[in-house]
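There are 2 protein chains.
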Amino acid sequence: MGKVVAEISISLDGYVAGPSPSLEEPLGRGGEQLHEWAMRTKTFRELHGMEGGDDDPDGELLAESVQAQGAVVMGRRMFSGGEGPWEDDPNATGWWGDEPPFHKPVFVVTHQEREPLVLGETTFTFVTDGVSAAVEQARAVAAADREVLVAGGAETIDEALAAGLVDELQLHVAPVLLGGGTRLFEGLGAERPRLELVSVRESPHASHLRYRIA
Amino acid sequence: MGKVVAEISISLDGYVAGPSPSLEEPLGRGGEQLHEWAMRTKTFRELHGMEGGDDDPDGELLAESVQAQGAVVMGRRMFSGGEGPWEDDPNATGWWGDEPPFHKPVFVVTHQEREPLVLGETTFTFVTDGVSAAVEQARAVAAADREVLVAGGAETIDEALAAGLVDELQLHVAPVLLGGGTRLFEGLGAERPRLELVSVRESPHASHLRYRIA
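Given below as structure tokens:
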């Protein structure tokens, strides 16, 4: 069976989104900087239907992840584009437009029952019985040898870690201090997993730290 | 003139000491794990007058730092061994015994005026007019080409960063989640420096991330 990998970009001071998210800045103030390592790459731009971008180790790493992953799990805040009054819109279509970059099944952990949403090559399935159920459904549709990505946000990754669902944790540590926002690991409580380093990959844009959950 | 380097061990969830420091656990609950990467090395054990230990990349990195550094700046909590009722003892002699591992001048930022304290090859000078003054004095005694180490704790490093005193920041990221304790970067306020990655060095015991302050 494929691994379950939680993967997220994080600032050096531990934030996965900046303060005061809004419709203009869904990732919070300064939050876009967390994703620059990816957004500048050819891989990222291709996934988003754009040309250009850098062909470099960050792009290779991103491409490896995308190829390895057969299905995605995310929280409803990630789906709706950050925390805010709009996040409970029952007709939200995500914030990626008509061609979301996933091109694979995505399972959204939410409280609102809803029919699946098909946009381009991506199908969003809404799961109302928690992150464990979402990971289970994702595993069922991913081919046997492909990974399930738990993509965020913080709350969803913390829940998955605390529930023992995650095999590996990949952090993309951006060289930036946000000074506030949403922290990873705050929702773990006493259920803190033990970690073993798998690999470190380095670029000026992010230090990619990968851990096995022991 | 030598660089000013702030260097500290930190958990993956951003703590430089664990919760509830006490005389028995001056680094807080679980805090010793942050320093295992160093404590297991031959370099560390030699500095502390002990035999044995591993001769490996972590030890090499530690030896390079120690050789590069001509003087040390630390806060009074680091000097007295963590936060607690004992930290204001005016006769404290540090928590390293008669032969502290520094073997060079150490400047302790404190509110209490006090005569210098000589223990073995280490002289502790107590500086009551803030971290800038301590760094200045440290620079004056370090040879021109040797670095000044700002060794901690969090408050002292944050003050030094906010005051623009630091040229490079070296974080030893231990593969551990402490779940509470003392955070680095919390005291920066709006004075958040811009960072550029200098180098990443990897071991199973810590990811050593070095940044230049832009």
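Line by line, the protein sequences are chains A and B.
Using the numbering used here, the first residue of the first sequence is number 23, and each one after it goes up by one.
Using the numbering used here, the first residue of the second sequence is number 23, and each one after it goes up by one.
Even for Gly, the Cβ is constructed at its ideal location relative to N, Cα and C.
message: Does any residue of chain A have a CB that is nearer than 8 Å to the CB of B:L84?
response: no
- prompt: A:G36 versus chain B: which residues are under 7 Å apart at the beta carbon?
  reply: D35 and G36
- prompt: Shorter than 8 Å from the beta carbon of A:P79 to some beta carbon of chain B?
  reply: no
- request: For A:E218, decide whether its Cβ has a neighbour in chain B, counting only Cβ atoms nearer than 8 Å.
  value: yes
query: In chain order, what residues of the same chain have a beta carbon less than 8 Å from the beta carbon of B:G74, not counting five sequence neighbours either side?
result: K64 and R67
query: Would DSSP call B:E68 helix, strand or coil?
result: helix
message: Looking only at its chain, what residues have a beta carbon closer than 7 Å to the beta carbon of B:V195, apart from the 5 residues adjacent to it on each side?
response: I32, L34, A228, S229 and L231
task: Give the straight-line distance between the Cα atoms of A:V172 and A:D80, rounded to the nearest whole angstrom.
output: 19 Å
- prompt: Is the CB of A:S229 under 8 Å away from at least one CB in chain B?
  reply: yes
message: I need the straight-line Cα distance from A:G152 to A:T132, nearest angstrom please.
response: 8 Å
query: With a Cβ-Cβ cutoff of 8 Å, do B:K25 and B:D180 count as a contact?
result: no
- request: Could you list the residues in the stretch 199 to 212 of chain B with a C-beta less than 9 Å from some C-beta on chain A, going in chain order?
  value: L199, L200, G201, R205, L206, F207, E208, L210, G211 and A212
query: Just checking, does the stretch 90 to 102 of chain A make contact with the stretch 163 to 177 of chain A on the three C-beta pairs under 8 Å criterion?
result: yes
message: Can you confirm whether B:E224, when its beta carbon is compared against all beta carbons of chain A, has any partner nearer than 8 Å?
response: yes
Burial state of B:A236, where buried means 16 or more other Cβ atoms lie within 10 Å: exposed
query: Between A:D76 and A:P112, what straight-line distance do the alpha-carbon atoms span, to the nearest angstrom?
result: 37 Å
- request: Have a look at B:E46, B:G116 and B:G53 and flag the residue whose alpha-carbon is nearest the alpha-carbon of B:V38.
  value: B:G53
Range covered by the alpha helix (DSSP H) that runs through A:Q89: P79 to A90
task: Can you tell me which of B:E218, B:A164, B:V157 and B:E169 puts its alpha carbon nearest to the alpha carbon of B:M96?
output: B:V157
field: Spatial distance of A:D78 from A:E224 (CA atoms)
entry: 11 Å
message: Looking only at its chain, what residues have a beta carbon closer than 6 Å to the beta carbon of B:V198, apart from the 5 residues adjacent to it on each side?
response: S33 and Q55
- request: Just mark A:G119 as buried or exposed, buried being the case when its beta carbon has 16 or more other beta carbons within 10 Å.
  value: exposed
- prompt: Would a check of beta-carbon distances place A:P112 closer than 8 Å to chain B?
  reply: no
task: Determine the closest residue to B:R205 out of B:E143, B:L69, B:G36 and B:I30, with distance taken between C-alpha atoms.
output: B:G36
query: Taking the Cβ atom as the reference point for each residue, do A:M72 and A:A166 lie within a distance shorter than 8 Å?
result: no
message: Please report the distance separating the alpha-carbon of A:H57 from that of B:E47.
response: 38 Å
field: C-alpha gap between B:Y233 and B:V220, whole angstroms
entry: 5 Å
field: With 16 other Cβ atoms within 10 Å as the buried cut-off, status of B:G211
entry: exposed
message: By the three-class DSSP mapping on this structure, what secondary structure does A:Q192 have?
response: strand
query: Who does B:E222 pair with in a DSSP beta bridge?
result: For clarity, residue 222 of chain B is Val in the given sequence; the question names Glu instead. Answer is B:L231, bridged to B:V222.
field: C-alpha distance - A:G50 paired with A:G203, whole-angstrom precision
entry: 7 Å
query: Under a three-way DSSP split, which group does A:F148 fall into?
result: strand
- request: Consult DSSP for A:D76 and reduce its assignment to one of helix, strand or coil.
  value: strand
- prompt: Checking contacts by CB at 8 Å: is B:R51 closer than that to chain A?
  reply: no
message: With a threshold of 8 Å between beta-carbons, can B:P43 be considered close to chain A, or not?
response: no
- prompt: Is it true that the CB of A:A185 sits closer than 8 Å to the CB of A:S154?
  reply: yes
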